[in-house]
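Novice: Submitted below is the structure of interest, expressed as structure tokens.
In the working numbering, the protein residues as written are 83 to 374.
Here it is in structure tokens:
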């Protein structure tokens, strides 16, 4: 006999205390080991804020979801809200300038075709009870891939800017030179989804699978739904990463101050460019002089 959701995790004061302890442990570990990209960023504070926000947001959603899923207009509005929040979150994680809103493109490019295919084939009914959770999972996957790809691509371009300028000096277009640097780094954004899919059933039992079992579905149906979710997520994330890299390499998604460095920065870039070009030319001359 399958256990019910209530027996799996009862909602009582003990749960509240345990959640508070876990949140404090997470924030304390981040503070103790200084898990932050720089001295001005406090990950421990972000962890506490995220936990509190999640509590409030889930409380509100839990109160509204029963009404939302029975009204078509409310369902569409809720999905658009999820999309808007995902765009805002992804954009602000990647950049703080005015280009953040362009993260709407990779998220929409990945999610919209999959959701459209589900509705057109009838695999998912046009009902909030099915559409909202599936769309939420897909948007969440696209959000994660977009953030990782955007941050990794921009970080790598800043770190290896001299290589980009060297490539342009040798005749590559700016997009092509930037692509050679950004694409390999951004592809790492696919690793979490790949690892989750490769280890499903062996290391983890994902939420959709467990949720269906607790709801009374047979294991075969639960497995089929979870398999669809995992493969759909890989497709969505691959598209999201590809579009994100394209935006970055075309200069449509960038960070503040791109291309407006001071004298010291320009001098450093010129030195790196000169050194990179000299290295390429030296290798070329060595090949020509080598005995045949």
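Even glycine gets a Cβ: it sits at the ideal position worked out from N, Cα and C.
Go through its chain and collect everything with a Cβ distance to residue 189's Cβ below 8 Å, but skip five positions before and after it.
Specialist: 165, 168, 169, 172, 221, 224, 225, 228, 322
Novice: Where does residue 243 land, buried or exposed, given buried means 16+ other C-beta within 10 angstroms?
Specialist: buried
Novice: Return the CA-CA distance between residue 267 and residue 132, expressed in angstroms with no decimal places.
Specialist: Cα to Cα, residue 267 sits roughly 27 Å from residue 132.
Novice: Do you know how far the Cα of residue 232 is from the Cα of residue 298?
Specialist: 40 Å
Novice: Beta carbon of residue 105, beta carbon of residue 140: below 8 Å?
Specialist: Here residue 105 is not near residue 140, since their CB atoms are 8 Å or more apart.
Novice: Are residue 335 and residue 181 touching if we call contact CB-CB under 8 Å?
Specialist: yes
Novice: Using 10 angstroms around the beta-carbon of residue 184, count the other beta-carbons present and answer buried if the total reaches 16, otherwise exposed.
Specialist: buried
Novice: Ends of the alpha helix (DSSP H) at residue 137?
Specialist: Going by DSSP, residue 137 is part of the alpha helix (DSSP H) stretching over 125-150.
Novice: My output table needs one value for residue 286: the three-state DSSP class, helix, strand or coil.
Specialist: The three-state reading of DSSP puts residue 286 in strand, counting E and B together.
Novice: Within this structure, are the beta carbons of residue 319 and residue 275 separated by less than 8 Å?
Specialist: yes
Novice: Between 331, 283, 159, 121, which has its C-alpha nearest residue 306's C-alpha?
Specialist: Closest option to residue 306, Cα to Cα, is 283.
Novice: Helix, strand or coil for residue 253 per DSSP?
Specialist: Three-state result, residue 253: coil.
Novice: In the structure shown, what three-state DSSP assignment does residue 344 receive?
Specialist: Residue placement at residue 344 is flagged as unreliable, the pLDDT there being 37, under the threshold of 50; a coordinate-derived value is accordingly withheld.
Novice: Is it a yes or a no for the region 141-157 touching the region 191-210, going by three-plus beta-carbon pairs under 8 Å?
Specialist: yes
Novice: Could you tell me which whole alpha helix (DSSP H) segments of length 4 or greater appear in the region 270-324?
Specialist: 273-281, 289-296
Novice: May I have the straight-line CA-CA distance separating residue 213 from residue 281, to the nearest angstrom?
Specialist: 26 Å
Novice: To the nearest angstrom, report how far apart residue 110 and residue 138 are at their CA atoms.
Specialist: Their backbone Cα atoms lie some 22 Å apart in a straight line.
Novice: Could you spell out the range, first to last residue, of the alpha helix (DSSP H) harbouring residue 217?
Specialist: 210-241
Novice: So residue 174 is in the alpha helix (DSSP H); what residue range does that whole segment cover?
Specialist: 154-176
Novice: Is it true that the CB of residue 264 sits closer than 8 Å to the CB of residue 238?
Specialist: yes
Novice: Could you give the C-beta distance for residue 250 and residue 279, rounded to a whole number, given that I count them as a contact under 8 Å?
Specialist: No, residue 250 and residue 279 are not in contact; Cβ-Cβ is about 38 Å, not under 8 Å.
Novice: So the alpha helix (DSSP H) residue 192 belongs to, where does it begin and stop?
Specialist: 186-203
Novice: DSSP three-state label for residue 206, please.
Specialist: coil
Novice: DSSP three-state call for residue 92: helix, strand or coil?
Specialist: coil
Novice: Which residue from 314, 326, 339, 338 puts its Cα closest to that of residue 200?
Specialist: 314
Novice: Assuming residue 230 and residue 270 are in contact, meaning their beta carbons sit under 8 Å apart, how far apart are those beta carbons, in whole angstroms?
Specialist: The Cβ separation is near 7 Å, so the contact holds.
Novice: According to DSSP, is residue 180 part of a helix, a strand, or is it coil?
Specialist: coil
Novice: Given this structure, state the Cα-to-Cα distance separating residue 304 from residue 333, to the nearest angstrom.
Specialist: 43 Å
Novice: Quick check on this structure: which residue in 108, 254, 161 has the alpha carbon closest to the alpha carbon of residue 219?
Specialist: 161
Novice: Could you pull out every residue in the same chain whose Cβ sits closer than 8 Å to the Cβ of residue 339, ignoring the five residues on either side in sequence?
Specialist: none
Novice: Under 8 Å, do residue 330 and residue 235 count as touching if we go by C-beta distance?
Specialist: yes
Novice: If you measure between the beta carbons of residue 337 and residue 177, is that distance less than 8 Å?
Specialist: yes
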